Amino acid sequence: MSLVYLLSGLIIIMGIILVTLFKPFHRLRRYVGYIALIAPIISSIYFLIQIPNVMQQKFVAFKVPWMPAIDVNLDLRLDGLGLMFGLIISMIGIAVFFYATQYLSPNGDNLPRFFFYLLLFMFSMLGIVVSNNTILMYVFWELTSVSSFLLISYWYSNANSQLGAIQSFIITVLGGLALLTGFIMLYIMTGTNTISELLAQSHHISEHTLFIPMMVMLLIGAFTKSAQFPFHIWLPKAMAAPTPVSAYLHSATMVKAGIFLLFKFTPILGLSNSYIYIVTFVGLITMLFGAITALRQYDLKAILAYSTISQLGMIMSMVGLGGGIAQHPTGLMAETYTLILFAGLFHVMNHAIFKCALFMGVGIIDHEAGTRDIYRLSGMRKYFPKMNLVMTLAALSMAGVPFLNGFLSKEMFFDSLVSATHLQQFGLTLTVIIVLLGVIASIFTFVYAVYMLKETYWGEFDDKKVPKKHIHEPWAFSLPAMVLMVLIPIIFFIPNFFTEHIVLPALRDVTNLSTKVDALAPHVSQWHGINLPLIFSVIVIVIGAILALKINWKAHIYRFIKYASITNSYRKTYRVFEHYSGKSIQGLMNNRLNHYNIITLLIFSLFVAYGLMKVGFPKLHQIDISEFGPLEVILAITISIIGVALVFIRQRLTMVILNGIIGYSVALFFLLMRAPDLALTQLVVETITTILFIVSFSRLPNIARTNAILKKEAVKIIVSFIMAGAVVTLIFIAQQGDGFETISKYYTNAYELTGGKNIVNAILGDFRALDTMFEGVVLIIAGLGIYTLLHYKDRRGQDERK
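Per UniProt numbering, the very first residue in the sequence shown carries number 1; after that it's consecutive.
The following block contains the structure:
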């Protein structure tokens, strides 16, 4: 239950933030950031308390059946992997939320809206990592896309914010649909959506014909969310969001969701060698591409965006390399796979710390100096001494310099690449290729890290290039980044304290080996002697330093920018798609109600026809038809003739009267079928609607109506008869169906269950109470819409006149 209390508490805090939007609580808006800060603090405390339980394999679980027939339930489970990501999301969240209180202005920014979106973002990510049901995970997965869209477009008047939000939303939502398809395939293969049960059936799943298509769908979902090549293009455009959002998104939340997904399903997906090759090489290519592309940027946030893409590729390659643990859970290869997965998890933690610190440093520079352009920044070490220290340590940690936490995981990354020779899937040739890709990408990582520091903090300061003249570095603003900076060397000197309590429990769940993996997990050490990983680190530092310090990258940036990019190709494709889809929609949506009705009814009839092809046409001799006499036949013919006549009549009053005659004829049908209550209801409703029609039409202007055109009206008649045939066919099929017990037996004891003597009232008020409530909500929404239209004022052109 504690997980439910945690998520419920986050929802309550979001509700409190929304309350501040109302005028009586207007004064609280200034403090809404500190109210929101309570959420990550509570979440962090909760996950810290759960560390001893998770280390002892005592997992917190909660399950409420929702739709048990298809195994869709509110199923939550906190295991080692969820605990690690929950801690990262929550504790980085504390730094980001506090940083946001200093970054945003109470006067110029809508603080309740921002912090509500940010809390929704955090809530969605925590939902992903504690979900034990694939459909529930998908709901939270898409909720991260929605909340990120709202955050990226927070400054919605900015064109870049609009473009970045739309681009990220389209790509991640399409990836989410692919993920949902993969989850549905898993359900088809196993009959369950419970993740823990799916992992237990991994070998059964791998033998199914849908295994490879399912794997592809899950990979598309993971690659789009974690910005892997070529789906990475949304992430740099997301830089239009406020910097606290960028810091959170890049370090601890949305981009880590895809990595979490693949870690979670490693026991299943790792049974395929195709998965190992695809994920490994996509990750390494993304790492190299992101590192090189970072050097093409002149915006500090853009440099960090592509560095995130590169670092995510590095982690993804380790996820792929270690996936074979599902095939070889014991022996020498198992030890190698465990080392690789351990390194991947360790770097997830390290990356979250140094990347968040880097974004905060850039945000402070942008906020106080008014620019992020490296052409305009130089000599900032005099004005931002604290951020100079923070960003230097964080950037060098990312580059893999000794005495910083990033060095340890970078060494383990090189060790993982070298160890690929011990794996069944990689021979000497493939190992050499992946080592070269990893080393070259790491060199460029070092280059852009040092290049960014050099151009920002060193050189001569030119006050003419900086928009703001009164530059200062507030202590409260700098505090979150400085706390993160302190963790960077601390983790280097006492890494095993963190890995034993955070990384190791997560590794148990990724490998699905429980406590057996403890003997295989590596002991992190700062010195392993002179070996290949150390030699690679020295090569990266030496060559990277030469390239960063001896080459004037500013002079080459413009030449690089001129090259064609995937983003430009995406924009062209998107514009072409938008153009033709707009034309298609304009052709379909022509503001003619009859046109819409015809299309809708024909599509419905096609579905009925498809159903008939599958189940067969009903046997007419078995259809139960009530007795009928001449009066019923006369009424049926009358209704048919009037219905056809309505198509050709153009006088409004005549149409209303004939439409009323049809309604009264139906009431007579009910009387003949001995249903007086239905007949009375029909008479009342028909009378009221007829009066309303007459009153409404009397207030409308008289418009000349064109004469009926036989061809057009014939189409309407034909569609009407097709629809009538489809409905009658469905009735015949329903009469012959005996697969379900009659529902009327459920209401036989209505008086005992509800105390209502009228069974119809009991059904509406008790058995279908929720449905009735939603019908009321629909009426309220419709009423609000009508009220809005009645009070609408055309304000076009007023802003221009002002």
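Glycine included, each C-beta is placed from N, C-alpha and C at the ideal position.
Bear in mind the structure is a predicted one, so any value in this text is a computation, not a measurement.
In or out: Glu686 buried (at least 16 other Cβ within 10 Å) or exposed? With 16 or more other Cβ atoms from the protein chains shown falling within 10 Å of its own Cβ, Glu686 counts as buried.
Going by alpha carbons, who is nearest to Val64 out of Leu520, Ala36, Leu136 and Ser43? Comparing Cα-Cα distances from Val64 to each of Leu520, Ala36, Leu136 and Ser43, the minimum goes to Leu136.
Tell me whether the segment 535-546 and the segment 443-454 touch, counting them as touching only if at least three CB pairs, one residue from each stretch, are closer than 8 Å. Two segments are said to touch when three or more pairs of C-beta atoms, one from each, lie closer than 8 Å; by this definition the segment 535-546 touches the segment 443-454.
Nearest-angstrom Cα distance between Ser419 and Thr209? Approximately 32 Å between the Cα atoms of the pair.
Comparing alpha-carbon positions, which option in Ser514, Ile128 and Ile70 lies nearest Gly82? It is Ile128 whose Cα lies nearest to the Cα of Gly82.
Sub-9 Å separation of Gly765 and Gly776 beta-carbons: No. Outside cutoff.
Would His250 pass as a contact of Thr308 if the rule is Cβ separation under 9 Å? Taking 9 Å as the Cβ cut-off, His250 and Thr308 qualify as a contacting pair.
Cβ-based neighbour list, Phe123, same chain, cut-off 6 Å, excluding 5 preceding and 5 following: The beta carbon of Phe123 sits closer than 6 Å to those of Leu10, all from its chain and outside the five residues before and after it, given in chain order.
Let me know if Leu549 comes out buried or exposed under the rule of 16 or more other beta-carbons within 10 Å of its beta-carbon. With fewer than 16 Cβ atoms within 10 Å of its Cβ, Leu549 is classed as exposed.
Name the one or two DSSP bridge partners that Lys63 has. Among the bridge pairs identified by DSSP, Lys63 is matched with Asp75.
Taking three-plus beta-carbon pairs below 8 Å as touching, is the segment 493-507 in contact with the segment 357-377? A contact is defined here as three or more CB-CB pairs under 8 Å, and the segment 493-507 fails this definition with respect to the segment 357-377.
If you draw a straight line from the alpha carbon of Leu612 to that of Ile598, how long is it in whole angstroms? Computed Cα separation, rounded: 21 Å.
What span of residues does the alpha helix (DSSP H) with Asp415 cover, start to end? Element bounds for Asp415: Asn405 to Val418.
Supposed close pair Phe149, Ala165 - CB separation, criterion 8 Å: About 5 Å; that satisfies the 8 Å criterion.
Return the bridge partner residues of Asn133 from the DSSP annotation. Per DSSP, the beta bridge partners of Asn133 are Thr194.
By the three-class DSSP mapping on this structure, what secondary structure does Asp299 have? Reduced to three states, the DSSP call for Asp299 is strand.
Residue-chain proximity (Val130, chain C), Cβ-Cβ < 9 Å: In summary, chain C is missing from the structure at hand, where a single protein chain is found.
Helix or strand or just coil, what does DSSP make of Asp109? Of the three classes helix, strand and coil, the one that applies to Asp109 here is coil, per DSSP.
Under three-state DSSP, which class holds Asp462? Three-state result, Asp462: coil.
Measuring only the C-alpha atoms, how far is Lys355 from Leu304? Here the C-alpha atom of Lys355 lies approximately 8 Å from the C-alpha atom of Leu304.
Nearest to Pro385 by CA position, among Ser168, Phe403, Phe426 and Trp458, is which residue? The residue from Ser168, Phe403, Phe426 and Trp458 with its alpha-carbon nearest to that of Pro385 is Trp458.
Bridge partners for Asp373 per DSSP, in chain order? Residue pairing by DSSP places Asp373 opposite Asp299 in a beta bridge.
What would DSSP say about Met125, mapped onto helix, strand or coil? Correct three-state label for Met125: helix.
Taking contact to mean 3 or more Cβ pairs, one atom from each stretch, closer than 8 Å, check whether the segment 405-415 and the segment 480-500 are in contact. Taking one beta carbon from each stretch, the segment 405-415 and the segment 480-500 have 3 or more pairs nearer than 8 Å; the two touch.
Exposed or buried, what is Val633 when buried is set at 16 or more other beta-carbons lying within 10 Å of its beta-carbon? Counting of Cβ neighbours within 10 angstroms places Val633 among the exposed residues, the total staying below 16.
Cβ-based neighbour list, Leu339, same chain, cut-off 6 Å, excluding 5 preceding and 5 following: Short of 6 Å from the beta carbon of Leu339, and not among the five residues preceding or following it, lie these beta carbons of its own chain, in chain order: Pro522.
Starting from Phe47 and walking both ways along the alpha helix (DSSP H), at which residues does that stretch end? Looking at the DSSP string, the run of the alpha helix (DSSP H) that includes Phe47 is Val32 to Ile49.
Ile709, DSSP secondary structure in three states: Here Ile709 sits in coil by DSSP.
Is it buried or exposed for Trp234, if we count other Cβ within 10 angstroms and need 16 for buried? So Trp234 ends up on the buried side.
Could you give the residue range of the alpha helix (DSSP H) that holds Ile490? Trp475 to Phe493 is the span of the alpha helix (DSSP H), which, as asked, contains Ile490.
So, helix, strand or coil for Met316, using DSSP? Reduced to three states, the DSSP call for Met316 is helix.
Candidates Met333, Thr253 and Gln311: which alpha carbon is nearest Gly400's? Cα-wise, what sits closest to Gly400 is Gln311.
Relative to the C-alpha of Phe604, which residue among Ile642, Glu627, Ala726 and Arg508 is closest? The residue with the shortest Cα to Cα distance from Phe604 is Ala726.
Considering only their Cβ atoms, is the gap separating Arg77 from residue 814 smaller than 9 Å? What is shown of the chain runs 1 to 802, which leaves residue 814 out entirely.
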